[in-house]
Structure formats: structure tokens, C-alpha cells
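Below is one structure, written out as C-alpha cells; comments come after it.
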Ligand SMILES: C[S@@+](CC[C@H](N)C(=O)[O-])C[C@H]1O[C@@H](n2cnc3c(N)ncnc32)[C@H](O)[C@@H]1O
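In C-alpha cells form, the structure reads like this:
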């Protein structure tokens with residue numbers, strides 16, 4: 001494979017290309033690397049490669065002309081192949097992309113400097129923009145090293161043992177299991193023994209493989225649970241993760257989340273504050289969501305006594321009556337539902353259960369005024385807005401009561417009194433009027449996902 005690196009600092013690569021596996025791969029011709037300096041294609045006395053940005057602002061911008069000439073030079077010497085501009089604005093580099101690029105014969109990599117390239121480069125030359133992470137480097141050279149090494153090591157002949165790439169982190173969609181080497185026992189500063197896990201000394205390859213798989217799953221669960229959404233999993237893997245979740249010492253965040261379905265004070269279509277009647281489906285569906293996600297509780301509030309009686313009769317049917325016999329599963333979901341007269345009463349019940357006052361977050365289909373990060377809050381009657389991931393973070397430390405409004409939504413007086421309003425679902429769409437049970441399900445899933 002041939003790499004052409006367009007860089008203002010060709011010498012940056014002297015050491016990476018000379019040492020370790022990359023050095024050996026270059027020496028053995030597994031890959032070849034050519035460095036091209038756009039400065040060599042300038043025609044003025046100062047060999048200028050940058051200029052001030054149009055529209056003002058700090059820093060300088062890389063000129064098109066020297067880079068286009070450098071790319072033309074690469075084209076003439078055997079072709080550019082896929083041409084990559086390294087930029088924080090690009091597609092994130094991951095193992096799948098590295099694998100895809102390793103299938104190419106030629107790659108050209110453009111390293112930016114200063115504030116980056118004149119944006120019209122992409123209109124003049126077919127380029128792909130790639131980022132090595134959500135942080136800003138001073139130049140694309142160290143990003144190019146990451147790309148070169150992650151792609152290079154997937155080429156046949158790069159690593160001593162061809163199979164070593166297949167077991168590494170991400171190769172199977174998971175983080176890798178931990179490694180150990182000699183000595184078999186080390187001691188910490190208190191003299192306690194730290195032994196290599198016994199199974200690794202057993203010589204039983206089947207057991208070792210099973211142990212490693214389990215640790216790869218466990219590590220991924222702990223550190224990067226989002227990878228599990230796309231990792232291929234066997235039935236045994238799923239069982240192992242169920243077991244892990246059941247015995248996890250880490251308290252599940254869901255336990256701190258409480259749902260309050262308010263039927264008063266809510267708005268009707270005319271914008272008047274009213275109490276609306278219960279909806280059977282809400283009780284069933286939200287009760288089941290609450291059980292599935294392991295929530296701390298689900299409270300229904302209505303000031304209307306006959307409605308509370310109705311709810312009690314309904315819940316009794318499913319949790320203790322004929323319904324519970326016909327459908328014990330439903331009994332389990334609905335046994336955690338509480339019925340109270342008002343939102344304050346629900347919050348009292350949550351405090352009693354959680355041992356602490358909950359943060360109270362209202363939900364609304366309308367977007368609340370948001371405070372700009374670091375900016376001063378405007379004098380407004382509205383509480384601040386929180387994003388859905390922020391609700392998840394709040395659950396690490398505190399119980400949170402999520403107020404869901406029936407009818408046409410919670411009355412303004414309720415919204416003004418809460419700690420924050422959660423950013424609505426589908427805030428950028430032209431229609432976001434979900435039923436309260438759909439909105440609750442989606443919110444809970446976005447807050448907790450599959451691994452909480
Ligand atoms: C100081 S940075 C420019 C940052 C740019 N003004 C921005 O905010 O997106 C200079 C150069 O470093 C490289 N670079 C910086 N961070 C990078 C990253 N995370 N991934 C890939 N390249 C990066 C790019 O080539 C970029 O043009």
C-alpha cells in the first residue's frame with residue numbers, strides 16, 4: 001500500500017516511520033510512504049502557504065494553490081487514490097473505517113495547519129474529511145500518524161502474528177479482554193498478592209477463550225456500553241450480560257428515575273387549566289415501561305376522587321384480581337404504580353421512597369428558553385432547560401421526578417416551579433405532538449438506553 005502525505009512538516013514523520021512495527025513495515029515494503037510539502041510548490045520569495053481568513057477572526061488559512069499543486073504532483077506519480085483531509089470536522093476514524101481504508105492500494109493524506117484549509121479544496125478535488133477525535137490538534141501530522149498506523153497494521157505482513165489483529169479491541173465490536181504476563185505473582189505496596197487469573201494458567205484453551213470473551217463483554221459493558229448496540233452477540237453473551245447486570249455493584253441509574261403522570265393542572269385545547277380523565281392505556285403502557293427500565297416508581301396524580309377510585313379498581317383487577325391470574329406479567333408491571341391526588345403528594349411519596357427530595361423536571365413539547373453555556377441567565381419566569389443526556393447524568397447523584405402532562409400539557413404554573421424543563425423530543429420537526437405514553441417511553445429509553 002502506498003501513502004502520500006501532504007504536509008508542511010515532512011520531518012515530523014522521521015521517527016514514526018523509522019521505529020517499531022511501522023518502521024519495519026516500511027523497511028520490508030509492506031507499505032511505502034511519500035511525503036510531499038506544499039511549500040515546495042510555492043512561487044513567491046517567502047514560499048507562502050497561508051493567508052488571513054476572509055471575514056476576519058484569529059489565525060491563518062492554508063492557501064489552495066500550493067496544496068492543489070502538491071496533489072497534482074502526487075497524481076502524476078502514480079495517482080492519489082482516496083484522498084483524505086484530516087480535520088476535526090470529519091468523519092470519526094474508527095476500526096471499521098481503518099479496515100475499509102486498508103483495502104485500498106493508495107491513499108493520500110492532507111495534513112492541515114493553522115485554522116485549516118480553504119474550504120474550496122473540497123469543491124476542486126474529491127476529498128473525504130476524517131477526524132481522529134473530538135479534540136483539536138495544532139496540525140494534521142499526529143492525526144496522520146494515527147491513520148497511518150491504524151490502517152497499516154491491518155495490512156498483511158505488518159504484524160508478526162496475523163491473528164493478533166482479530167482479537168483486539170473493536171475487531172469483534174467489543175473492547176478487548178485484559179492481558180497478563182510474567183511474573184505470575186506481584187505484590188502491591190501493602191504486600192498483598194496480585195495473581196494472574198488461574199484460568200489463564202490452566203492450559204485449557206476452551207476455558208481461556210470463554211473467560212476472555214466474558215471479560216471483553218464485561219469491560220465493554222462498564223466502559224463503552226454503546227458498543228454493545230452493534231456488537232454481534234451470541235445467546236451465551238446475552239446471558240452473561242444479564243448475569244452481570246443482575247449482580248452489578250454499580251447502582252442502576254433507572255432506580256433514581258420516577259415518573260409522575262399529572263392529570264391536573266393541565267391545559268385543555270382552549271388553553272384553560274383543567275383536570276382531565278385517566279386513560280387506561282397510559283396506565284398500562286407507562287407501568288410496563290417503568291418495570292422494563294427498572295424505575296424507582298410511577299405515580300398517577302388526579303384530584304378527582306372518582307378517578308382515583310377508578311384507577312384503584314383497575315390496578316386491583318390486574319395486580320390482585322382476575323387479571324393477575326390471566327396475566328401475571330402485567331401484575332408485575334402494574335404493582336409498582338401509585339395513585340395520588342396531586343403533584344406535591346407524588347413528590348412527597350418519592351422523597352419518602354428515595355430518602356431525599358428529587359430534582360423535579362417538567363416535560364413539554366414546546367422548547368423552553370435556553371441559557372447559553374457560560375452566559376448569564378436572562379431574567380425570565382421560565383426555569384432553565386436540560387438536555388436528555390443531562391437528565392441521565394443527574395441520576396448519578398439524585399432522584400429525579402419527571403413530570404409528564406396529560407391533556408395539552410402541564411399548566412404554566414407547574415412548569416415555572418420546577419428545577420428544569422427537559423428539551424422536547426423532535427424539537428426541530430414541524431410536528432412533535434406525541435401521546436404522553438409515547439413521549440414517556442421515548443424519553444425513558446433515551447435517558448437510560450439498554451445498559452442501565
Ligand atoms: C488548529 S487545527 C484547526 C482547527 C479548526 N479551526 C477547527 O476548529 O475545526 C489545525 C489542523 O490540525 C488538524 N487537526 C486538528 N485536530 C484534528 C482532529 N481531531 N482530527 C484530525 N485532524 C485534526 C487538521 O488538519 C487541522 O486543519
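In full-length UniProt numbering, the protein residues as written are 1 to 452. Cβ coordinates follow ideal geometry from the N, Cα and C atoms, glycine included. Note that the structure is a prediction, hence the values are computed from the model and not measured.
Near ligand 1: residue i beta-carbon under 8 Å from a heavy atom
i           : result
residue 131 : yes
residue 385 : no
residue 52  : no
residue 13  : no
residue 6   : no
residue 128 : no
residue 139 : yes
residue 145 : no
residue 16  : no
residue 86  : yes
residue 483 : Residue coverage of the chain in this structure runs from 1 to 452, which leaves residue 483 outside it and unanswerable.
residue 60  : no
residue 36  : no
residue 135 : yes
residue 113 : yes
residue 116 : yes
residue 90  : yes
Residue i in three-state terms, based on DSSP
i           : result
residue 304 : coil
residue 444 : helix
residue 350 : helix
residue 434 : coil
residue 205 : helix
residue 258 : strand
residue 20  : helix
residue 12  : helix
residue 51  : strand
residue 133 : coil
residue 119 : coil
residue 3   : strand
residue 46  : coil
residue 453 : Because the chain here runs from 1 to 452, residue 453 falls outside it and cannot be looked at.
residue 361 : strand
residue 67  : helix
residue 264 : coil
residue 279 : coil
residue 290 : helix
residue 83  : strand
residue 343 : helix
residue 170 : coil
residue 299 : strand
residue 127 : coil
residue 270 : coil
Beta-carbon gap between residue i and residue j smaller than 9 Å
i           : j           : result
residue 266 : residue 411 : yes
residue 299 : residue 339 : yes
residue 450 : residue 229 : yes
residue 457 : residue 399 : Here the chain has residues from 1 to 452 only, and residue 457 is not among them.
residue 140 : residue 111 : yes
residue 297 : residue 259 : yes
residue 66  : residue 35  : no
residue 244 : residue 396 : no
residue 145 : residue 41  : no
residue 408 : residue 280 : no
residue 264 : residue 274 : yes
residue 120 : residue 86  : no
Distance between beta carbons of residue j and residue i, contact taken as under 8 Å
i           : j           : result
residue 329 : residue 437 : Actually they are not in contact, since the Cβ atoms of residue 329 and residue 437 sit about 18 Å apart, beyond 8 Å.
residue 423 : residue 385 : 6 Å
residue 147 : residue 125 : Their Cβ separation, rounded to whole angstroms, is 18 Å, which puts residue 147 and residue 125 out of contact at 8 Å.
residue 336 : residue 287 : 7 Å
residue 319 : residue 334 : 5 Å
residue 365 : residue 301 : Between residue 301 and residue 365 the Cβ distance is about 20 Å, and since that is not below 8 Å, they are no contact.
residue 52  : residue 8   : Their Cβ separation, rounded to whole angstroms, is 17 Å, which puts residue 52 and residue 8 out of contact at 8 Å.
residue 102 : residue 154 : 4 Å
residue 289 : residue 444 : 5 Å
residue 175 : residue 234 : Contact doesn't hold; Cβ gap of about 17 Å is too wide.
residue 420 : residue 383 : 5 Å
residue 414 : residue 343 : 7 Å
residue 114 : residue 59  : 5 Å
Same chain, Cβ closer than 6 Å to residue i, five either side skipped, listed in chain order
i           : result
residue 405 : 262 and 266
residue 182 : none
residue 373 : Low confidence applies to residue 373: its pLDDT is 49, below 50, so where it sits in the model is not reliable, and the reading given next is rough at best. Taken in chain order, the list of residues that qualify is empty.
residue 128 : 84
residue 177 : 212, 215 and 216
Neighbourhood of residue i by C-beta distance below 7 Å, restricted to the same chain and skipping five residues each side
i           : result
residue 81  : 104, 105, 106, 107 and 108
residue 158 : 21, 25, 30 and 152
residue 452 : 252, 253 and 254
Residues near residue i by beta carbon distance below 8 Å, same chain, minus five either side
i           : result
residue 32  : 1, 2, 3 and 26
residue 185 : 193, 194, 195 and 196
residue 207 : 199
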